[in-house]
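A short worksheet on the structure shown next.
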Amino acid sequence: MRTQLIGRPLKIEVVIDFSTAPLASRLAPAAPAAPAARPRAAAGAGAARGGAARGGKAKRGGKRGGAERPAKTQEELDKEMTDYVNASTTPAA
């Protein structure tokens, strides 16, 4: 099959290997169906799970646990900016 892509001819070939087993036989069987969902509380989804609607803090996303980096000082930030500007204005060898 020939087609054009961005004004240039392009040849597309589809190769099928019939010597291997069909895809359906190579896949694992389907997982059992999930149980039916419970109806949600009338006050909203947050109230049903103890979220913000209940007065608690809704936990979504956020930072991963681990050690935090210490905040950089103004002098460290100024030095990094100076190094960056000097490196970008110096011609590459």
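Counted the way my numbering counts, the sequence shown spans residues 14 to 106.
Note that beta-carbon positions come from the ideal geometry of N, C-alpha and C, so glycine has one too.
Same chain only: Cβ atoms within 6 Å of residue i, ignoring 5 sequence neighbours per side
| i | result |
| --- | --- |
| VAL98 | none |
| GLY79 | none |
8 Å Cβ shell around residue i - same chain, five flanking residues per side excluded
| i | result |
| --- | --- |
| GLU89 | none |
Residue i versus residue j - alpha carbon distance
| i | j | result |
| --- | --- | --- |
| ALA37 | ARG51 | 33 Å |
| THR86 | ALA100 | 21 Å |
| LEU40 | GLY20 | 40 Å |
| ASP91 | ALA47 | 56 Å |
| PRO35 | MET94 | 59 Å |
| PRO45 | ASP96 | 59 Å |
| PHE31 | ALA43 | 24 Å |
| ILE29 | ALA49 | 41 Å |
| THR102 | VAL27 | 51 Å |
| THR33 | ALA84 | 58 Å |
Could you name each continuous alpha helix (DSSP H) segment of 4 residues or more that falls completely within the segment 14-43, going from the start of the chain to the end?
-> 36-39
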